[in-house]
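Notes follow the structure.
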Amino acid sequence: MVDTTILAQALGFISFGLGFSVFYQKNDRHLKILMLIFNLNHLLHFLLLGSMVSALSALLSALRTTTAIFVSSKRVAAVFIVISLGSG
């Protein structure tokens, strides 16, 4: 059986690699898709570590990135800004 801490740390290293690869994207859509994978990986990482606040923050980032893939609206962006400010 794999220790959850070891798996969480492995996902952390994967996030590190994903973070680097995001900065090399030239295509905006590819960047957003890779950011979504990056955020979901962070979500799993934080869940395995038992950090619920960080996991919720990663979930919010994943929702924001998913929305940005399909919607380009300043109003929607404002909603996510308000949610982020409200959640601290």
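Going by this note's numbering, the letters in the sequence shown line up with residues 307 to 394, in that order.
Every residue gets a Cβ at the ideal spot worked out from N, C-alpha and C, and that includes glycine.
Taking a cut-off of 8 Å for Cβ pairs, the segment 358-371 and the segment 336-349 touch, as three or more such pairs fall below it. In the structure shown, residue 333 falls within a coil segment according to DSSP collapsed to helix, strand and coil.
DSSP places residue 379 in the coil class of the three-state scheme, outside both helix and strand. Just so you know, the alpha carbons of residue 373 and residue 393 end up roughly 19 Å apart.
From the listed residues 334, 316, 309, the smallest Cα separation to residue 375 is found for 334. The C-beta distance from residue 354 to residue 314 rounds to 4 Å, short enough to meet the 8 Å contact threshold.
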